[in-house]
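Notes follow once the structure below has been shown.
Quick look at the structure:
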């Protein structure tokens, strides 16, 4: 019985560590009834333990537009993905335009 409890605890912890969740926040169009655009650019950063981030200062609309070669932004989208119960969070800024 003790062995079964240990295996069950290990299984629950393993599933918890391997699961993730994603949130997508699609911003409103910047121009009324504007098309999404032919180009897409992204800027990414990762937050560790809520304490420090990698490339956080480079994760903005301007950097995403530069990465996609976009001069006129028409749509902005944010995607957050959480790993390991929120200890690691990736944040993606995605822009569309011409």
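Residue numbers (the numbering used here): 30 to 127.
Heads up, the beta-carbon is just placed ideally off N, CA and C, and yes, glycines get one too.
As assigned by DSSP and simplified to three states, the class of residue 116: coil
May I ask you to report which of helix, strand or coil DSSP gives residue 32? helix
- request: Give the single residue among 70, 124, 90 and 109 whose Cα lies nearest to the Cα of residue 118.
  value: 109
Inset, instruction - Give a yes or no on whether the C-beta atoms belonging to residue 121 and residue 73 are separated by under 7 angstroms. - result: yes
Review point. Leaving out the 5 sequence neighbours to the left and right, which residues in its chain are closer than 7 angstroms to residue 88 when beta-carbon positions are compared?
Key: 72, 73, 74, 120 and 122
- Message: If I follow the unbroken beta strand (DSSP E) through residue 71, where does it start and stop?
- Response: 68-77
Q.
Does residue 65 pass the burial test, meaning 16 or more other C-beta atoms within 10 Å, or should it be called exposed?
A. exposed
Quiz item: Does the separation of the CB atoms of residue 79 and residue 94 fall below 7 angstroms?
Solution: no
**Asked** Residues in its own chain within less than 6 angstroms of residue 76 by CB, not counting five upstream and five downstream?
**Response** 82 and 118
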